[in-house]
Amino acid sequence: MKALESEHISSTHARQPSRLRRVVVPVVALAALLAVWELACDTGLVPAFMLPSPLSVARSLFADLSLIAQHSLTTLVEAAYGLVIGVLVGFVFALLMDRFETFYLAFEPLMTVSQTIPTIAIAPLLVLWFGYGLAPKVVLIVLTTFFPVTVSLVSGFRSVDPDMVDLMRTMGASRLQIFRYVKLPAAAEQLFSGLRISATYAIVGAVIAEWLGGTSGLGVYMTRVRKSFSYDKMFASILVISGLSLALMRLVDLLEHVTMPWKRAERSKNHD
Amino acid sequence: MSMGAEQALAAEGLTLSWDGQTLVTRDVSLEVAAGQVVCLVGKSGCGKTTILHALAGLTTPVAGRVLLHGKDVTGKPGSVSYMLQKDLLLPHLTIMDNACLPLVIAGRSKEEARAQAAPLFARFGLEGTERSWPSQLSGGMRQRAAFMRTYLMGNDVVLLDEPFSALDAITRGEMRSWYCQMSHELGLASVVITHDVDEAVLMADRIYVLVGAPAAGVPTTVGTVVTPERPAAGDFSLTEEYLVAKRAVLAALDR
Numbered sequence: 001m002k003a004l005e006s007e008h009i010s011s012t013h014a015r016q017p018s019r020l021r022r023v024v025v026p027v028v029a030l031a032a033l034l035a036v037w038e039l040a041c042d043t044g045l046v047p048a049f050m051l052p053s054p055l056s057v058a059r060s061l062f063a064d065l066s067l068i069a070q071h072s073l074t075t076l077v078e079a080a081y082g083l084v085i086g087v088l089v090g091f092v093f094a095l096l097m098d099r100f101e102t103f104y105l106a107f108e109p110l111m112t113v114s115q116t117i118p119t120i121a122i123a124p125l126l127v128l129w130f131g132y133g134l135a136p137k138v139v140l141i142v143l144t145t146f147f148p149v150t151v152s153l154v155s156g157f158r159s160v161d162p163d164m165v166d167l168m169r170t171m172g173a174s175r176l177q178i179f180r181y182v183k184l185p186a187a188a189e190q191l192f193s194g195l196r197i198s199a200t201y202a203i204v205g206a207v208i209a210e211w212l213g214g215t216s217g218l219g220v221y222m223t224r225v226r227k228s229f230s231y232d233k234m235f236a237s238i239l240v241i242s243g244l245s246l247a248l249m250r251l252v253d254l255l256e257h258v259t260m261p262w263k264r265a266e267r268s269k270n271h272d
Numbered sequence: 273m274s275m276g277a278e279q280a281l282a283a284e285g286l287t288l289s290w291d292g293q294t295l296v297t298r299d300v301s302l303e304v305a306a307g308q309v310v311c312l313v314g315k316s317g318c319g320k321t322t323i324l325h326a327l328a329g330l331t332t333p334v335a336g337r338v339l340l341h342g343k344d345v346t347g348k349p350g351s352v353s354y355m356l357q358k359d360l361l362l363p364h365l366t367i368m369d370n371a372c373l374p375l376v377i378a379g380r381s382k383e384e385a386r387a388q389a390a391p392l393f394a395r396f397g398l399e400g401t402e403r404s405w406p407s408q409l410s411g412g413m414r415q416r417a418a419f420m421r422t423y424l425m426g427n428d429v430v431l432l433d434e435p436f437s438a439l440d441a442i443t444r445g446e447m448r449s450w451y452c453q454m455s456h457e458l459g460l461a462s463v464v465i466t467h468d469v470d471e472a473v474l475m476a477d478r479i480y481v482l483v484g485a486p487a488a489g490v491p492t493t494v495g496t497v498v499t500p501e502r503p504a505a506g507d508f509s510l511t512e513e514y515l516v517a518k519r520a521v522l523a524a525l526d527r
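Here the protein sequences line up with chains A and B, keeping their order.
Under this note's numbering, the first residue of the first sequence is numbered 1, with each subsequent residue one higher.
Under this note's numbering, the first residue of the second sequence is numbered 273, with each subsequent residue one higher.
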């Protein structure tokens, strides 16, 4: 049965596109899209004040690079604080929910509902409560990033095979040892998927919070260029935001790669 | 029922329940001595695994007790080793660290545990896999690694819940004879659950045939105890004694 399954997996892998194709095809598609866009702008098909051309976006990005870098730094610092605190809060919640059923029953629905509140609506409130500085941004990011971490950890903890826990008990393992050797590693993979979502939320959350009140950061920069109708600069900042989010996601991937060496072995086996 | 002092593990009148109301077993008694293998055979759903859980101390019986070398260990996990059909190796630990797990849990240092486990790799046919991940090993090797971990739990009584049934037929046969030889050499007392009558007759010094249907309100009891007469030499599975034992088990199951 096991052998059959792994054969099945490797045969589907064999039918997957080659690495080269996986890189070339999307790059070509993107280049084509940009070319069409540039052409549409250059020929006057779309007026420049409605949609800046890719080249003008690139030009304004380089022209404003040092300013954008300054604002990016503010956004990154906020995102980092928010993400770290958010992950810690998410961890504590997940531990409590896993350990105490009553806590889970009490807070699981409340937490889910809390995630349906639009961030754009609470951001002004946070500005009212915490001012224009770092605090309201960090709080907003914590509110949006802790949830994916908690959800992924709780489901990871629950994915543990009860037979494995029984086996640990026959070895005389304590609750802490069961957590350390079985539950936490079992949840690691799902934790990283949650963390990847949280990482993107962190940047976007910071930008939204800045947009609604602040003195520095990409959100602030965007409100300023919007007021001067410099949509090329607006697009440039969107590019930077995407870049930062992707970079943060890559960082999470890297962390996963380093902390879960056994996953690499499993993957390379499937690629045989 | 008299209990000889030489018995490594004995269950006396185990009455078990899943929920405190429906009885799974009634008055089940069994015993196993050092170096012996006993098999529990019964139809699925008769509560074999529940009995093993009770022997392992993972469930507390409604009545009866479990004696380990004459000492009452009822409801106390940690004094007998337990192994399942699934190898339950932790995917994030190397084979070495998986094997060392019981030692580390017992408070030994990692170095100390590794030093104790290292010489066993040859005996368990696992040389060169020390630094491999479980996912890199075949099913049979993973199962041997699980045996090694079970052995390093350091108990002389081993409970096995269908330990070979996840393996292919050839590997299963090899593992079975390997286990019997090794457990005899090490003087382990083994209680093995199996649904395979041939496997039970091949392995066991004594077979407890369990009869009952707890789900239908008939608690499981020990129907018959079959003791296969094993000739000193030759292929046991081709002998008349083998068939006699197999017939006795099958007859008891059908009753």
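Glycine is no exception: its CB is placed at the ideal position from the N, C-alpha and C atoms.
Worksheet item: Are any of the Cβ atoms in chain B nearer than 8 Å to that of A:Val149?
Response: It does not: the Cβ of A:Val149 has no partner Cβ on chain B nearer than 8 Å.
Worksheet item: Distance, Cα to Cα, A:Phe62 vs A:Ser242?
Response: Roughly 16 Å between the two C-alpha positions.
Worksheet entry | Residue burial classification, A:Phe229 (beta-carbon count within 10 angstroms, cutoff 16) | exposed
Item to complete: Could you work out which residues of chain A lie near B:Met537, taking near to mean beta carbons separated by less than 7 Å?
Response: Past the edges of chain B, shown from 273 to 527, lies residue 537 of chain B, and the structure says nothing about it.
Worksheet item: From B:Thr294 to B:Met454, what does the alpha carbon distance come to, in whole angstroms?
Response: B:Thr294 and B:Met454: Cα-Cα distance of roughly 39 Å.
Worksheet item: Is any beta-carbon of chain A found at less than 8 Å from that of B:Gln408?
Response: yes
Discussion item. Whole angstroms are fine: how far does the CA of B:Gly329 sit from the CA of A:Thr170?
Written reply: Cα to Cα, A:Thr170 sits roughly 8 Å from B:Gly329.
Worksheet item: Near B:Ser289, which residues of its chain fall below 7 Å by C-beta distance, leaving aside the five closest residues on each side in sequence?
Response: Leu295, Val296, Val334
Worksheet item: Along chain A, in chain order, which residues have C-beta atoms closer than 7 Å to that of B:Trp290?
Response: Going along chain A, no residue has its Cβ under 7 Å from B:Trp290, so there is no contact; the nearest lies around 14 Å.
Item to complete: Kindly list the residues whose CB is nearer than 6 Å to the CB of B:Pro491, restricted to its own chain and excluding five residues on each side of it in sequence; keep chain order.
Response: Leu295, Thr297, Arg298, Gly484
Practice prompt. Pick out whichever of A:Ser155, A:Ala79, A:Ser245 has its Cα sitting closest to the Cα of A:Gln190.
Written response: Nearest of A:Ser155, A:Ala79, A:Ser245 to A:Gln190, Cα basis: A:Ser155.
Discussion item. Beta-carbon within less than 6 Å of B:Glu284's beta-carbon, same chain only, minus the 5 sequence neighbours each way: which residues are those?
Written reply: Ser301, Gly336, Arg337
Worksheet item: Which word fits B:Asp291, buried or exposed, when buried means at least 16 other C-beta atoms lie within 10 angstroms of its C-beta?
Response: So B:Asp291 ends up on the exposed side.
Discussion item. Does B:Glu303 come out as helix, strand or coil in the three-state DSSP assignment?
Written reply: strand
Fill in: Contact under 8 Å by Cβ, A:Met111 with A:Phe147
yes
Worksheet item: For chain A, is any of its Cβ atoms less than 8 Å away from the one on B:Leu286?
Response: no
Item to complete: Please list the segments of the alpha helix (DSSP H) lying wholly inside the region 298 to 382 of chain B, counting only runs of 4 or more residues, in order along the chain.
Response: 320 to 328, 367 to 377
Worksheet item: What's the gap between the Cα of B:Leu494 and the Cα of B:Val481?
Response: According to the sequence provided, residue 494 of chain B is Val. The question's Leu does not apply to it. When rounded, the separation of the alpha-carbon atoms in B:Val494 and B:Val481 is 6 Å.
Fill in: Three-way DSSP call (helix, strand, coil) for B:Gly285 in this model
Shown here, B:Gly285 sits in a strand according to DSSP, grouped into three states.
Worksheet item: Rounded to a whole number of angstroms, what is the C-alpha to C-alpha distance between B:Ala418 and A:Tyr221?
Response: 60 Å
Worksheet item: Nearest CA to the CA of A:Trp211: which residue from A:Met249, A:Trp262, A:Pro136, A:Thr43?
Response: A:Pro136
Practice prompt. If I'm right that B:Ala306 touches B:Ala280 with Cβ under 8 Å, what's the distance once you round it to whole angstroms?
Written response: 5 Å
Worksheet entry | Min CB distance B:Ser301 to chain A below 8 Å | Closer than 8 Å: no.
Practice prompt. Would you list the one or two residues that DSSP bridges to B:Lys465?
Written response: Before going on, a small fix: residue 465 of chain B reads as Ile here, not Lys. Partner(s): B:Leu312, B:Asp433.
Practice prompt. Could you give the DSSP three-state label for A:Arg224: helix, strand or coil?
Written response: A:Arg224: helix per DSSP, three-state reduction.
Worksheet entry | DSSP-derived helix/strand/coil call for A:Ile117 | coil
Fill in: B:Pro491, enclosing alpha helix (DSSP H) - first and last residue
Unbroken run through B:Pro491 is the beta strand (DSSP E), 490 to 498; no alpha helix (DSSP H).
Discussion item. Considering just the uninterrupted stretch of the beta strand (DSSP E) at A:Leu51, what are its terminal residues?
Written reply: Counting along the chain, A:Leu51 falls outside any beta strand (DSSP E), and DSSP gives it neither H nor E.
Worksheet item: Is there contact here, the region 123 to 134 of chain A with the region 175 to 192 of chain A, by at least three beta-carbon pairs under 8 Å?
Response: no
Discussion item. Helix, strand or coil, according to DSSP, for B:Val296 in the structure here?
Written reply: Shown here, B:Val296 sits in a strand according to DSSP, grouped into three states.
Worksheet item: So which of B:Leu373, B:Ala504, B:Ala517 has the shortest CA-CA distance to B:Val498?
Response: When each option's Cα is compared against that of B:Val498, the closest is B:Ala517.
Worksheet item: Cα separation between B:Cys372 and B:Ala524?
Response: 41 Å
Worksheet item: Which word fits A:Ser237, buried or exposed, when buried means at least 16 other C-beta atoms lie within 10 angstroms of its C-beta?
Response: buried
Item to complete: Could you please give me the residues that DSSP links to B:Gln279 through a beta bridge?
Response: Per DSSP, the beta bridge partners of B:Gln279 are B:Ala305.
Discussion item. The beta strand (DSSP E) that contains A:Arg196, what's its start and end?
Written reply: No beta strand (DSSP E) holds A:Arg196; the alpha helix (DSSP H) holding it covers 184 to 211.
Discussion item. Taking 8 Å as the threshold (C-beta atoms), are A:His257 and A:Arg267 in contact?
Written reply: no
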